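**Student:** Residue numbers (UniProt numbering): 1 to 363.
Each residue gets a CB set at the ideal place from its N, CA and C atoms; glycine is no exception.
Quick caveat, the model's predicted, so the values are computed rather than measured.
1) Output the distance between the C-alpha atoms of residue 106 and residue 62, rounded to the nearest integer angstrom.
2) Pull up the distance between the alpha-carbon of residue 359 and that of residue 202, whole angstroms please.
3) If you follow the alpha helix (DSSP H) that residue 64 is part of, which residue opens it and which one closes it?
4) For residue 351, name the three-state secondary structure that DSSP assigns.
5) Whole angstroms are fine: how far does the CA of residue 247 sit from the CA of residue 346?
6) Please go through the stretch 72 to 145 and give each complete alpha helix (DSSP H) segment of 4 or more residues, from N-terminal end onward.
7) List the endpoints of the continuous alpha helix (DSSP H) containing residue 260.
8) Which one or two residues does DSSP pair with residue 316 in a beta bridge?
9) Sort out for me which residues DSSP pairs residue 291 with in a bridge.
10) Are residue 14 and residue 94 close, meaning C-beta to C-beta below 9 Å?
11) How about residue 89 and residue 23: do their beta carbons lie closer than 9 Å?
12) Just curious, the alpha helix (DSSP H) that residue 24 is in, first and last residue?
13) Of all the options 212, 219, 165, 178, which has the alpha carbon lying nearest to the alpha carbon of residue 194?
14) Alpha carbon to alpha carbon, how far is residue 218 from residue 1? Give it in angstroms, no decimals.
15) Going by C-alpha distance, which of 112, 87, 50, 352 is nearest residue 267?
16) Near residue 145, which residues of its chain fall below 6 Å by C-beta distance, leaving aside the five closest residues on each side in sequence?
17) Using a Cβ-Cβ cut-off of 6 Å (strictly less than) and excluding sequence neighbours within five positions of residue 331, which residues of its own chain qualify?
18) If we count the other Cβ atoms within 10 Å of its Cβ and call it buried at 16 or more, is residue 294 buried or exposed?
19) Helix, strand or coil: how does DSSP classify residue 163 here?
20) Assess, as a yes-or-no matter, whether the stretch 279 to 290 is touched by the stretch 234 to 254 under the definition of 3 or more beta carbon pairs within less than 8 Å.
21) Throw me the rounded Cβ distance for the residue 180 and residue 131 pair, which I believe falls under 8 Å.
22) How is residue 280 classed by DSSP in three states: helix, strand or coil?
23) Given residue 159, which residues of its chain have a CB within under 6 Å of its CB, disregarding the five upstream and five downstream residues?
24) In whole angstroms, what is the alpha-carbon distance linking residue 33 and residue 133?
25) Closer than 7 Å by C-beta to residue 156: which residues in its own chain qualify, once you throw out the five before and the five after it? Chain order, please.
26) So what's residue 216 in DSSP terms, helix, strand or just coil?
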């Protein structure tokens, strides 16, 4: 039997113990705690984790002391701990998959879904986005279940890892970049790390498959190697050149943003933007592509149109296309006190208006 280094033994025992502990705590807290007290579940999980680490030390010492040809008990075999790790990860991921299918994950409160999009946290946005399509939820859950099942067989272990790793990588990236709870980030990262460990245990097979094995697809032969290298680089260079030549739709980036109306005058009469009257302008959006939106105290009461702006003169004109029946143009002069405070002075149809507004969010 091949002797294993202490690091190999410790990593295998540590990850197996950690995986069993994490799966026991997560599944036990949610599904078993009504019958078994949570402190008992937590104590069992922690004792198992510590025992796995201690056994790594005992394993290493006993292996050094025993004869080379002597048989080893099951717990002194690397494949035992790797199999235990595979089972714990498979059970946990399968549980996640079934939870998604049975509406126990990716479900948002109905009241939350009616809130303004910009008011939602990254976590709420994530759950709402994925939960919007139940078939998508089922697809993700099914991949987790299928990959978990395949992980338990030696012949399909690599296929399972190639199925599960992209799913887990996507989850980890979403957890970090959308600001999910630190516990969720840590949990997903641990499972991803455990899958990477299992993948790297097949290092020799991976190197042979990806870098040494002959491909069945014939290669194109170029007489001039510079042409071949140039074509490879072109897949990066051509898109960059095209994008550099493309006109940026954000033609006035200093204006682009959301503005709260701080003062409004209509035909020399001052209106209070903070009132609940639906006819009072409260918010102005100057958006990418020269889109403009006037909001009147409610997202459902909006004028949506397109504006043109002359930076030299400050002249701003807007034509509306929503609602379809509203065609009164806006003609105004835009002045700025600073980078955040703007004033629109002009007319909308026969009405004279002065709009003072403060930028609360840019791009």
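**Tutor:** Judging by the given coordinates:
1) 48 Å
2) 55 Å
3) 38 to 65
4) strand
5) 30 Å
6) 78 to 101, 110 to 113, 122 to 131
7) It is not in any alpha helix (DSSP H) - residue 260 instead sits in the beta strand (DSSP E) that spans 257 to 266.
8) 309, 332
9) 306
10) no
11) yes
12) 6 to 27
13) 165
14) Note that residue 1 has pLDDT 49, beneath the 50 cutoff, so the model's placement of it is unreliable and no number is given.
15) 352
16) 94, 97
17) 317, 346, 347
18) buried
19) helix
20) yes
21) So it is not a contact: roughly 14 Å between Cβ atoms.
22) coil
23) 150
24) 31 Å
25) 150
26) coil
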